[in-house]
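2 protein chains.
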Amino acid sequence: MFNFEPSKMNLMSYRSHHCGELRISDVGQKVVLSGWVQKGRDLGGMTFIDLRDRYGITQLVFNMDTDESLCKIARSLGREFVITASGEVTERSNKNPDRPTGEIEINVEDLTVVNPSKTPPFTIEEETDGGEELRMKYRYLDIRRDTIQKKLIFRSKLALETRKYLDSKNFIEVETPFLIKSTPEGARDFVVPSRMNKGEFYALPQSPQTFKQLLMVSGMERYFQIVKCFRDEDLRADRQPEFTQIDCEMAFVDREEVLDTFESLTKHLFRSTLNIELGDFPRLDYNQAIEKYGSDKPDLRFDMPIHNLNQTVKDSGFVVFDSAEYVGGICVPGVADEYSNKDLKKLTEWVQRPQIGAKGLVYAKFQTDGSIKSSVGKFFNDDQLLEWLDRAEGSKGDLLLILAGDKDNSLKQLGALRLEMGKRLGYLDSTEFKPLWVLDFPLLEWDEDTQRFYAMHHPFTAPAAEDIYKMDSPDREVLKNLKANAYDLVINGAEIGGGSIRIHDRKLQARNFKLLGFTAEEAEEQFGFLMGAFEYGAPPHGGIAFGFDRLCAVMNHQNSIRDFIAFPKNNMGRDLMINAPAPIDKEQLKDLGLDLKD
Amino acid sequence: MFNFEPSKMNLMSYRSHHCGELRISDVGQKVVLSGWVQKGRDLGGMTFIDLRDRYGITQLVFNMDTDESLCKIARSLGREFVITASGEVTERSNKNPDRPTGEIEINVEDLTVVNPSKTPPFTIEEETDGGEELRMKYRYLDIRRDTIQKKLIFRSKLALETRKYLDSKNFIEVETPFLIKSTPEGARDFVVPSRMNKGEFYALPQSPQTFKQLLMVSGMERYFQIVKCFRDEDLRADRQPEFTQIDCEMAFVDREEVLDTFESLTKHLFRSTLNIELGDFPRLDYNQAIEKYGSDKPDLRFDMPIHNLNQTVKDSGFVVFDSAEYVGGICVPGVADEYSNKDLKKLTEWVQRPQIGAKGLVYAKFQTDGSIKSSVGKFFNDDQLLEWLDRAEGSKGDLLLILAGDKDNSLKQLGALRLEMGKRLGYLDSTEFKPLWVLDFPLLEWDEDTQRFYAMHHPFTAPAAEDIYKMDSPDREVLKNLKANAYDLVINGAEIGGGSIRIHDRKLQARNFKLLGFTAEEAEEQFGFLMGAFEYGAPPHGGIAFGFDRLCAVMNHQNSIRDFIAFPKNNMGRDLMINAPAPIDKEQLKDLGLDLKD
Chain A
13 MFNFEPSKMN LMSYRSHHCG ELRISDVGQK VVLSGWVQKG RDLGGMTFID
63 LRDRYGITQL VFNMDTDESL CKIARSLGRE FVITASGEVT ERSNKNPDRP
113 TGEIEINVED LTVVNPSKTP PFTIEEETDG GEELRMKYRY LDIRRDTIQK
163 KLIFRSKLAL ETRKYLDSKN FIEVETPFLI KSTPEGARDF VVPSRMNKGE
213 FYALPQSPQT FKQLLMVSGM ERYFQIVKCF RDEDLRADRQ PEFTQIDCEM
263 AFVDREEVLD TFESLTKHLF RSTLNIELGD FPRLDYNQAI EKYGSDKPDL
313 RFDMPIHNLN QTVKDSGFVV FDSAEYVGGI CVPGVADEYS NKDLKKLTEW
363 VQRPQIGAKG LVYAKFQTDG SIKSSVGKFF NDDQLLEWLD RAEGSKGDLL
413 LILAGDKDNS LKQLGALRLE MGKRLGYLDS TEFKPLWVLD FPLLEWDEDT
463 QRFYAMHHPF TAPAAEDIYK MDSPDREVLK NLKANAYDLV INGAEIGGGS
513 IRIHDRKLQA RNFKLLGFTA EEAEEQFGFL MGAFEYGAPP HGGIAFGFDR
563 LCAVMNHQNS IRDFIAFPKN NMGRDLMINA PAPIDKEQLK DLGLDLKD
Chain B
13 MFNFEPSKMN LMSYRSHHCG ELRISDVGQK VVLSGWVQKG RDLGGMTFID
63 LRDRYGITQL VFNMDTDESL CKIARSLGRE FVITASGEVT ERSNKNPDRP
113 TGEIEINVED LTVVNPSKTP PFTIEEETDG GEELRMKYRY LDIRRDTIQK
163 KLIFRSKLAL ETRKYLDSKN FIEVETPFLI KSTPEGARDF VVPSRMNKGE
213 FYALPQSPQT FKQLLMVSGM ERYFQIVKCF RDEDLRADRQ PEFTQIDCEM
263 AFVDREEVLD TFESLTKHLF RSTLNIELGD FPRLDYNQAI EKYGSDKPDL
313 RFDMPIHNLN QTVKDSGFVV FDSAEYVGGI CVPGVADEYS NKDLKKLTEW
363 VQRPQIGAKG LVYAKFQTDG SIKSSVGKFF NDDQLLEWLD RAEGSKGDLL
413 LILAGDKDNS LKQLGALRLE MGKRLGYLDS TEFKPLWVLD FPLLEWDEDT
463 QRFYAMHHPF TAPAAEDIYK MDSPDREVLK NLKANAYDLV INGAEIGGGS
513 IRIHDRKLQA RNFKLLGFTA EEAEEQFGFL MGAFEYGAPP HGGIAFGFDR
563 LCAVMNHQNS IRDFIAFPKN NMGRDLMINA PAPIDKEQLK DLGLDLKD
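Going down the list, the sequences are from chains A and B. Going by our numbering, the residue at position 409 of the first sequence is 421; the numbering climbs one at a time, nothing skipped. Going by our numbering, the residue at position 143 of the second sequence is 155; the numbering climbs one at a time, nothing skipped.
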């Protein structure tokens, strides 16, 4: 029997089983399967078709001898045709141990072509031949690939586990509004013109920060939300204009309780989705992290720490070191012999690229034969170089790499060099997970261009209790060193979450706004509703937000978040599939009270 | 001991227990509680304070004899002050059986005022004295009221139960994009100007309709999402510019499987959150619903159906009936004696209001003493009137109310009258739940103003299989009667969900766009990506979307959705708390390539 007319399909069921379900114990059953033609092959008088759905692949078999016309139709099916087939489950003579359904096949008796398919622009297989642009344009076909589908299913599971866990801890998911008010602070808002209030605009939230704090004032006590946030900024390779956060807030807590709660959440997520037990998370101060790893999000899958060599290398007459604010180095284990002068020249060029920005690279190779080769051999003798090695906790066979310059930049450059060397040594291929908390971030960041302070986290972050009295200091250096009660969760070098204990006192909030260069009027105009709320019995509170897209990627050892997003945008913020953004018509602009500027 | 300095709080924990937790079995324990001062009262040498948090209320007690200074501080606390108190759990002599913690109190030894409070602009109690405007402006205080907090907690629970259930049925939650493309079809889009693509706009989704269909083409098979949607239209009293849907789609299904799946979901939600077992949902055709209840979302908490009286009342020389396309009536049970002429005059005025729009009302009172009084007694004798009563399945004591006119409007008016009479009789106070499916909606709606058809559901709804061949008819009446494979879920007169089997065939979709007045170019321009997707093996699919805000309200027998939304907007689309929308500065407009029109 062969049907083509879609309307006839109403008379039958599309499936009795999924394509990943049937086993040897089902032999003899009459079944109906639906799905996509993965591929077909003809073998003498037989035709085999791999039928695919979300759950797996099952082999269909057609026999020229039994039903020639049906077999011919089977031979005419192209890849990605949608079909419904019914027949009997039989044991395969030629079993496929790589497939859960590999012991059986379906002897097809009825076949319906539900929908034919043009030849897809790229192959629908784990590894595809489609380029990025093509895959994005035909994203609906790209998602049909098992590798993308699995990532979206993982994301769904991770979100559900997050919700179940937080619910079990008495957190309430509250939806905060998407149409809110634009604030000049922070990265740029997407705005939404209001038709009913012409000349006025909503903004899309960069985060629900003020709303979750208001929910604490409301006595909700434990809030969370898995929520889309929006940021209209120039997109780096792996950022998206819309992204998802696990946003959380708790009242009547101190830092310990917040860290404890979300460390437990993180452990639960790894356990429930990956069956991985994470140990207790180590903690680093922000200053420690910078001094030791040149980064506030160090990758601890390998150590290779930065060593401050100031005490060791200075005052020997080498002007590059003597004139530098800071000299530091990393000891790359076991590569002294293999790094040629040419390799080291290339590495020097690497650190000199504008993205890194070092002036030069000093090296010392402590070869296994005992000889030492150094780019500064003219200025330092072997004993001195061995002293460096000792200071850097290295040993024979190691390569010592040294940068000098102002402290902040040198540490950043050494952090980048450390990561590069870790990558070359294969340390980043590790499938381990190394979470850590980074604590005690600075409260403020000085911006040279605008000659003012910005909030390192956001303006609602509480200063460390012991630093509050310093907030009125006229000394910029004192202010630069103010500590915030802020923390980040880092896994494998990626910032997964960040949060803080918040200010809950109107006066303290006002002092903080003043530090950030707000006049009292500006503070009132923009955040008056929050400061007003603090006057009506605001409880102490704090929270955290996880970057959900990034968490999905890191948990799967993927560098890019894109394939964990069903319909991502490209670097120009464009959806290539639906072709958005796009012009709108004049009538609509007029309704909104807007004109396009030429 | 008394502390005031917030920074000292870091040294102690805010609570060992919640305010709803302690029982007689805890007597003797030392505990720490934090929360808000609900109220205080002084009784001789004692001061009692009701301390409130999200979990309950616990009584604190202070004794002038034991610690005079502490007791004086307790007496100075105002309502909504945030405090932390520690002390011993003791048995109350004067127990309060209405409160779970009513058998104990805390003998306070230490007290910290964490944050004082100004006097709130309205009382923080179950019933408040605050008006709508004031409550919205201070929404963070409004939410502190138990009645609002419970509604938000119910919403959170309902969302989680939805997710758990759909996950158990193999549905995957996929986040679809918020920054999409504007389409001229349907209600109005909110648009978002793109800074990176000047002169171009994104739109916020009115629903993820096309994306969920693309996910079916992608082979996700079972998709859901609890998702914000946006509609920029003039707001009726109980609409919001942003609202939440439970959005679902399934592949390889027919209508039965969709109805079955989401009837089961609905039953699960009632069972898991309200402990209510719903029986199987009755079904009505759209036409039946209109003819019997004058509405496509009939409230079945009471019957009082509409009866077509055409056969019964016509051709008796009464011109109002004889000239009418339709005469119909409802029989209001047991009120004949109590409705005076004055009452009936008022009821006539009620149906004549522009919102209802009837020309007049004909009545017949079948009084319990056997006498009959009718507004058309001059034209019809008692036998005739008794025949009407018989036709309307009424009996002695009933009041028969009759409207005449064109059929569509008369049925609508009778539907409104039926609801009004049900309300007067107290039928709408019933705490019962009466769900039903309304099936077989028309595919198209004719619009007299624009002289064109619009899609009754949306342009992607499949016509009933048996009506497909009629789609090319030139006869407008034939087209008006085309049935769609569409369905609504109605509970207690509210539309809770609506969906359809979709078109999955490019040619059929093109024919439907043509019916809706799209040129081939317009269809391609706006929905080319979807029609293109249909050419690559699109499976048959269908789905449903539930209005989540409305579902929350209906499940709690509330008429308004507002208190189930944490931060709702008013009828002008304005958030009174944060004062949005608001003007943005010139610099930002310039960046977006926009000018305000004067």
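The C-beta atom is built at its ideal place from N, Cα and C for all residues, glycine as well.
For A/GLU254, at least one C-beta of chain B is nearer than 7 Å to its own C-beta.
Neighbours of B/LEU528 in chain A, taken as residues whose beta carbon is under 7 Å from its own, are absent, since the nearest beta carbon is some 18 Å off. Residue contact with chain A for B/GLU261: absent (no Cβ-Cβ distance below 7 Å to any residue of chain A). Contact between the segment 355 to 373 of chain B and the segment 418 to 432 of chain B is established, with three or more Cβ pairs separated by less than 8 Å. Between the beta-carbon of A/VAL450 and that of A/ASP500 there is about 5 Å, and that keeps the pair under the 8 Å contact cut. For A/LEU123, the uninterrupted beta strand (DSSP E) segment begins and ends at 116 to 127. Linking A/GLY142 to A/ARG91 through their CA atoms gives a straight-line distance of about 16 Å. In the displayed model, A/GLU261 falls within a strand according to three-state DSSP. Annotation for B/SER512: the continuous beta strand (DSSP E) segment containing it runs 506 to 513. In terms of Cβ geometry, A/PHE472 and A/ILE515 form a close pair [threshold 7 Å].
Burial is judged here by how many other beta carbons sit within 10 angstroms of a residue's own beta carbon; B/LYS163 has at least 16 and is buried. Here B/LYS51 is bridged, per DSSP, to B/ASP62. According to the DSSP assignment, A/ASN106 belongs to no alpha helix (DSSP H), since it is labelled neither H nor E.
If you look at B/ALA376, you'll find it in the beta strand (DSSP E) that goes 374 to 378. If you draw a 10 Å sphere on the C-beta of B/HIS569, you find fewer than 16 other C-beta atoms in it, and that means exposed. DSSP, read as helix, strand or coil, puts B/ILE577 in coil. The beta carbon of B/SER442 sits closer than 6 Å to those of ARG313, all from its chain and outside the five residues before and after it, given in chain order. Residues of chain A with a Cβ closer than 8 Å to the Cβ of B/SER284 do not exist, since the nearest Cβ in that chain sits about 13 Å away. DSSP, read as helix, strand or coil, puts A/PHE74 in strand.
Taking a beta-carbon distance threshold of 7 Å, B/ILE85 does not count as an interface residue toward chain A. In this structure, B/ASP244 sits away from B/PHE274, with a CB-CB distance that is not shorter than 7 Å. Taking 7 Å as the cut-off, the Cβ atoms of A/ARG156 and B/SER46 do not count as close. Under a 10 Å Cβ-count criterion, B/TYR481 is classified as exposed, with fewer than 16 other Cβ atoms of the shown protein chains found around its own Cβ. Those residues of the segment 196 to 217 of chain A placed with their C-beta closer than 9 Å to a C-beta in chain B are PRO196, ARG200, ASP201, PHE202, VAL203, VAL204, PRO205, SER206, ARG207, MET208, ASN209, LYS210, GLY211, GLU212, PHE213, TYR214, ALA215, LEU216, ordered along the chain. Counting only runs of 3+ residues, the beta strand (DSSP E) found wholly inside the segment 320 to 393 of chain A occupies 338 to 344, 374 to 378, 384 to 386, in chain order. For A/ARG27, no beta strand (DSSP E) encloses it, and the DSSP letter there is neither H nor E. When the beta-carbon positions are compared, A/THR324 and A/ARG436 stay at least 7 Å from each other. A/VAL374 and A/ILE414 do touch by the CB rule: their CB atoms are close to 4 Å apart, below 8 Å. At a beta-carbon threshold of 7 Å, none of the residues of chain A lie near B/ALA535; the nearest stands roughly 14 Å away.
With respect to the 7 Å criterion, B/PHE378 and B/LEU401 are classified as neighbours on the basis of their beta carbons. Distances from the alpha-carbon of B/VAL331 to those of B/GLU144, B/GLY417, B/ARG248, B/LEU455 put B/GLY417 closest. Separation of the CB atoms of A/ALA578 and B/VAL186 is rounded to 5 Å, and the pair is thereby assigned contact status at 8 Å. Annotation for B/ARG464: the continuous beta strand (DSSP E) segment containing it runs 464 to 467. As the crow flies, the alpha-carbon of B/PRO475 is around 6 Å from that of B/LYS495. Less than 7 Å separates the beta-carbon of A/HIS319 from that of A/GLY341. In the DSSP annotation of this structure, the continuous segment of the beta strand (DSSP E) that includes A/ALA416 starts and ends at 411 to 417.
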